[in-house]
Each structure stands twice: as C-alpha cells, then as structure tokens.
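K.L.:
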Amino acid sequence: MERFSVELDAQRMLFQSLDISRTVRRIEGEYSSSDRGRPRYPVRAMLFALILMYLLQISSVSMLSIQLCRHQEYALLCGFNGKTPDRTTFSKFIARAGLRAIVPESVRVLWLLVERLYG
0 MERFSVELDA
10 QRMLFQSLDI
20 SRTVRRIEGE
30 YSSSDRGRPR
40 YPVRAMLFAL
50 ILMYLLQISS
60 VSMLSIQLCR
70 HQEYALLCGF
80 NGKTPDRTTF
90 SKFIARAGLR
100 AIVPESVRVL
110 WLLVERLYG
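Using numbering that gives the first Met the number 0, you'd call the opening residue of the sequence shown number 0 and step up by one each time.
1) Go to Gln56, then tell me how far its alpha helix (DSSP H) extends in each direction, as first and last residue.
2) When we look at the beta-carbon of Ser64 and count the other beta-carbons within 10 Å, is it buried (16 or more) or exposed?
3) From the DSSP output, in three-state form, read off Thr87 for me.
4) Which whole-angstrom value is the C-beta distance of Gly22 and Leu46, which I expect to be below 8 Å?
5) Give every residue of the same chain whose Cβ lies closer than 7 Å to the Cβ of Phe14, excluding the five residues on either side of it in the sequence, and list them in chain order.
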C-alpha cells in the first residue's frame with residue numbers, strides 16, 4: 000500500500016507540472032459537444048487518463064476504464080469527479096480527437112517524464 004501511495008504522489012507531481020493546455024484547446028476544437036445527449040467528460044481528464052494508461056502500462060482502454068472505476072484515487076488524479084468513462088467513451092474520444100492530436104502530446108509528455116526522472 001505504501002508503494003502505491005508513493006507512485007500516486009509521483010504521478011500527481013508529474014500531472015501538476017505538465018502544461019497540456021495547447022493540446023486540450025486543439026482537441027476541444029475537434030471534439031465538439033452538442034446540446035443533445037450527456038455532457039462530455041473534460042478533455043484534460045481524458046488526456047490525463049490516457050497518459051496514466053501509459054505510465055501504469057495498462058494494455059487497453061477497457062482495462063483503463065476498470066482501473067479508474069476501482070481506484071478513485073486515479074480517477075481524481077486525472078480530473079474525473081464521481082463517474083468515470085467506459086471503454087467506448089475512451090474509444091470515441093480517441094477517434095473524434097484524432098490520434099494526430101494525442102500522439103505529439105504523448106511524445107512530449109514522455110520526454111518531460113524522462114527529464115524529470117533523470118535530468
């Protein structure tokens with residue numbers, strides 16, 4: 000349990016230091032919301048969840064969805080309040096946002112992570 004707490008603190012520090020606002024704005028432009036249906040999840044929270052998926056080496060969005068549901072600490076870390084997205088919501092987000100919008104940010108985040116850990 001103590002290791003989990005230490006890892007969560009490290010992830011929290013990383014997320015607080017990342018500036019993904021430019022990518023959030025870019026995706027929000029492509030991932031428009033309508034007045035119909037449910038309100039969408041925050042783009043920032045969705046991106047942080049995908050980054051967390053990589054950091055925790057989670058193999059699929061299905062498993063990511065399960066982990067966020069089981070571990071509220073992770074959900075709160077990403078920026079979800081209460082309900083968390085299911086696998087289809089993540090898949091639709093990735094498709095609507097376009098991988099081109101997500102991949103450059105992921106590369107930048109990984110570089111920042113390496114710099115913080117070893118720089």
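Don't be surprised by glycine CBs; every beta carbon is placed ideally from N, CA and C.
P.N.:
According to the structure shown:
1) Looking up residue 56 in the sequence shown gives position 57. First-last for Gln56: undefined, no H or E at that position.
2) Against the sequence shown, residue 64 aligns to sequence position 65. Buried, by the Cβ-count rule.
3) On the sequence shown, residue 87 is found 88 positions in, with the first residue counted as 1. Residue state, collapsed to three classes: helix.
4) Along the sequence shown, read from residue 1 onward, the residue named residue 22 stands at position 23. Along the sequence shown, read from residue 1 onward, the residue named residue 46 stands at position 47. One detail in the question is off: residue 22 reads as Thr in this sequence, not Gly. Between Thr22 and Leu46, the beta carbon gap of about 7 Å places them in contact (Cβ cut-off 8 Å).
5) Locating residue 14 in the sequence shown gives position 15, where the first residue counts as 1. Excluding positions up to five away in sequence, the list reads Phe47, Leu76.
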